[in-house]
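One structure is given here, and the rest of the page talks about it.
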Ligand SMILES: Nc1nc2c(c(=O)[nH]1)N[C@H]1C(S)=C(S)[C@@H](COP(=O)(O)OP(=O)(O)OC[C@H]3O[C@@H](n4cnc5c(=O)[nH]c(N)nc54)[C@H](O)[C@@H]3O)O[C@H]1N2
Ligand SMILES: Nc1nc2c(c(=O)[nH]1)N[C@H]1C(S)=C(S)[C@@H](COP(=O)(O)OP(=O)(O)OC[C@H]3O[C@@H](n4cnc5c(=O)[nH]c(N)nc54)[C@H](O)[C@@H]3O)O[C@H]1N2
Ligand code: SF4
Ligand SMILES: [Mo]
């Protein structure tokens, strides 16, 4: 153990000790967290995307001095993208929140100590609850903190503080996949392992741009020795589409019709795996009947893809030996995303492409711990992928956590959009936002901003005090970030990987875990969590909570075991004794519904909620811009190296034909306008978007002023990727308008 690192840890714990002493009227509060100090080089998983690359952090003289991608880690095999390489740099920024800040009557946020911050938080929240009842408080959490912290937050808020409504930013991202899988498979379970990228002979990417959003997964595709066919279904000619063997530049939101036509064609050509369908699925006949009207001609008309091309691709899928389907936000972020995701699942099921190497209906997740959030955030699901409305589930959780089952709500809380609308309806008065930047990333931003303004009390817990959301807070709580705390993340292939503490959080900032501990104490519910003194304690509870669930990982002894194995994928049961490095689901053809069979789910396609018209003649697509930008840029914007790798100000990609049509030149500041707002952006004329469409990356603050709040009815995921807009040159009269 390195002495220097010990000091860092002590320093961190010193802060906690004094904060907890304060909390306890000057006395210590039971056992302090044990320090698990890494060696000179330690491996941990990256804190940006869901790929979950292993990074070797090298330590010297009291701090992490460098980092290299881990060559032995089964995910990335020695590779990392620019964000991973720069992960330590972004911790050092000047705008890190180093102490709590409270909004004073003057309107200014001013530094206060932890004691004052905690007293104010609890006083304000309790008085709101007393005055307006149990529906009046809510929290919004994240897919970017360790699972242990998520579980603590969800338990503290719902079982300890009596907060009924809580949701995560994963609603913006993964809710559609969650619902699609649950309905089809009986549990939210992406079935694949990354080795499948290398084992397919046909890979179909739908609404996914892994070259930019999951560069190391894409590297795995490039290692595929089978010279695979790669099909990309995306309205834009993305970096991934350019590398594909077939690009289908589909009209936005026409996926459902296209996929149904492909499924109909598979039946027509006799390419259905009838044995698999009969033994392992339900409702295929109903689905086949539903497909009757989805002719190739109809699909051509709706999607813009020639009938011949659709037939060719269906044949390629039907005749392929090992076909895998991969989807991301082009599918999930849609007003009919759940049914599109299920149309993909249906094709995998009817061709028997599931459970075998190189196959699968595979939703790629987004954030580093989206999968942890899906199982353990206690928002949509009760801990461990359970159901709040099931009494037996509540009792199991209560028994494991040793709490009174009546503390567990017997109803589902509101989704993100319902929480925002709850503010509009004067129901929600106090909100606690943890590790997400709502004011930038939520749909129809102007409304979201107004709603946060309307609250009686807004608490924002973030690494930086400068985020757009922190700027609206009444109280900012300074959080440690990745690299400054311990715990685990679950990556896209269900691999649980370790995090390490290799740097000290600045000033008075603390790990979210310790902030939750403090909140519990000031709220007066800390005895409920008296056994959780350290993330490792929570991990033990999580393991128990997973027992006999599809995500059972009772075989994982502890953090050391994760270290020794390069992370471990669930399921990993104690009795399994299996030491495979790759694990995929459904190898025995059994799904999680009681009868073991998967379901075909389908619906009629719906029209786009806001189609282009005379006034707003273009469709706005949004998404990831470069591999060096992360979301709202609070982190990646802090690295001088990353900043060199992407445009600093907002730009809009426009087809040359639309440039001519609207008399817009390349590289000029122009106006982009929707029914909600107008913004300025620099024009970028290109053939990567088609005429009638424009693209703006989500990383620039103003983009969501344009988007329109439509949601999938089953998943309540926002439809970020299609609304109607107009573009034009700046008029001199625009100068004084709000933009
Ligand atoms: N560099 C970087 N990487 C990231 C992130 C980041 O911010 N930066 N974020 C992470 C997160 S949280 C996520 S969720 C993932 C997202 O990863 P992706 O989903 O791959 O990224 P996006 O660019 O949001 O969307 C993918 C594609 O959907 C297409 N699309 C839009 N509308 C439609 C449609 O109607 N049909 C089809 N078929 N396609 C459509 C868009 O043109 C876009 O190219 O990335 C993760 N990785
Ligand atoms: N138009 C449009 N909008 C979109 C999308 C799109 O494609 N188009 N994509 C959507 C998707 S898929 C997603 S996932 C969301 C992402 O949207 P956000 O979640 O709002 O984006 P981030 O910038 O990742 O915000 C995370 C915040 O957590 C803070 N943070 C990081 N680590 C920690 C920590 O350990 N503790 C604490 N307390 N704070 C921490 C960061 O500083 C940052 O402020 O955006 C959505 N919005
Ligand atoms: S691909 Fe994702 S997990 Fe890997 S280094 Fe880049 S951001 Fe980190
Ligand atoms: Mo996401």
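Residue numbers (the working numbering): 3 to 741. Ideal placement from N, C-alpha and C gives every residue a C-beta, glycine not left out. On a predicted model such as this, the values are computed, not experimentally measured, just so you know.
Report all residues from its chain with a CB closer than 6 Å to the CB of residue i; omit the five preceding and five following residues, and keep chain order.
i: residue 521; result: none
i: residue 355; result: 325, 361
i: residue 213; result: 220, 241, 242
i: residue 717; result: 177, 178, 181, 340
i: residue 433; result: 140, 457, 460
i: residue 735; result: none
i: residue 33; result: With a pLDDT of 33 at residue 33, under the threshold of 50, the predicted position of this residue should be treated as unreliable, though the coordinate-derived value follows. These residues qualify, in order along the chain: 535.
i: residue 135; result: none
i: residue 163; result: 525
i: residue 442; result: 470, 634, 703
i: residue 726; result: 612, 614, 618
i: residue 363; result: 327, 346, 347, 350
i: residue 733; result: none
What is the C-beta distance between residue i and residue j, in whole angstroms, given that I count them as a contact (C-beta under 8 Å)?
i: residue 52; j: residue 370; result: 6 Å
i: residue 517; j: residue 474; result: Contact flag wrong, Cβ pair sits at about 19 Å.
i: residue 361; j: residue 274; result: In fact, because the Cβ distance is near 15 Å, the residues do not count as touching under 8 Å.
i: residue 539; j: residue 546; result: With 8 Å as the limit, residue 539 and residue 546 do not qualify as a contact, their Cβ atoms being about 11 Å apart.
i: residue 745; j: residue 199; result: Any answer about residue 745 is impossible in this case: the structure gives the chain only from 3 up to 741.
i: residue 661; j: residue 357; result: Going by Cβ atoms, the distance from residue 661 to residue 357 rounds to 48 Å, so no, they are not a contact pair.
i: residue 742; j: residue 421; result: Because the chain is modelled from 3 through 741, residue 742 falls outside the range shown and cannot be assessed.
i: residue 365; j: residue 192; result: 5 Å
For residue i, I'd like the list of residues in its chain whose CB is within less than 7 Å of its CB, leaving aside the five on either flank, ordered along the chain.
i: residue 495; result: 194, 195, 196, 571
i: residue 186; result: 344, 347, 600, 601, 603
i: residue 255; result: 336, 610, 724
i: residue 575; result: 554, 556, 557
i: residue 730; result: 664, 672, 673
i: residue 627; result: 648, 699, 701
i: residue 728; result: 617, 618, 619, 620, 675
i: residue 27; result: Since pLDDT at residue 27 reaches only 39, below the 50 mark, its modelled position is unreliable, and no value is offered.
Considering Cα atoms alone, identify which of the options is closest to residue i.
i: residue 205; options: 451, 272, 323, 68; result: 323
i: residue 686; options: 679, 699, 270, 676; result: 699
i: residue 461; options: 158, 127, 72, 59; result: 127
i: residue 446; options: 288, 664, 721, 682; result: 721
i: residue 99; options: 379, 261, 113; result: 113
i: residue 54; options: 43, 62, 76; result: 76
i: residue 263; options: 385, 317, 230, 671; result: 317
i: residue 418; options: 118, 710, 141; result: 141
i: residue 509; options: 93, 73, 74, 78; result: 93
i: residue 623; options: 71, 145, 252, 649; result: 252
i: residue 598; options: 278, 202, 260; result: 278
i: residue 102; options: 562, 468, 239; result: 468
i: residue 487; options: 507, 470, 499; result: 507
i: residue 676; options: 246, 707, 59; result: 707
i: residue 651; options: 678, 161, 280, 705; result: 705
i: residue 561; options: 491, 479, 184; result: 491
i: residue 226; options: 367, 276, 201, 588; result: 201
i: residue 668; options: 682, 688, 681; result: 688
i: residue 697; options: 679, 714, 657, 666; result: 657
i: residue 91; options: 365, 643, 678; result: 643
i: residue 296; options: 690, 641, 639, 607; result: 607
i: residue 104; options: 531, 293, 476; result: 476
Is the CB of residue i under 9 Å away from at least one CB in chain B?
i: residue 115; result: Included in the structure is just one protein chain, with no chain B present.
Please go through the same chain and pick out, in chain order, the residues whose beta-carbon is closer than 8 Å to the beta-carbon of residue i, but skip the five residues on each side of it.
i: residue 308; result: 302
i: residue 711; result: 419, 445, 446, 449, 720
i: residue 564; result: 490, 498, 499, 500, 558, 570
Closer than 5 Å is what we want: which residues have a beta carbon that near any heavy atom of ligand 4? List them in chain order. 175, 368
Which ranges does the beta strand (DSSP E) cover as unbroken runs of at least 3 residues, wholly within the stretch 455-535, from first to last along the chain? 459-464, 477-480, 486-492, 497-503
Completely contained alpha helix (DSSP H) runs for the stretch 341-408, where each covers 4 or more residues: 372-378, 393-403
Which ranges would you report for the alpha helix (DSSP H) in the stretch 270-338 if only whole runs of at least 4 residues count? 276-282, 286-292, 298-305, 309-321, 331-334
May I have a chain-ordered list of the alpha helix (DSSP H) segments no shorter than 4 residues that lie completely inside the stretch 158-211? 177-187, 197-201
In chain order, which alpha helix (DSSP H) runs of at least 4 residues are fully inside the stretch 115-144? 116-134
If we require 4 or more residues per run, which alpha helix (DSSP H) segments fall completely within the stretch 643-667? 658-663
Which runs of the beta strand (DSSP E) fall wholly inside the stretch 596-636 and span at least 3 residues, in chain order? 620-625
Which complete beta strand (DSSP E) runs does the stretch 51-116 hold, if anything under 3 residues is left out? 56-62, 65-71, 103-105, 111-113
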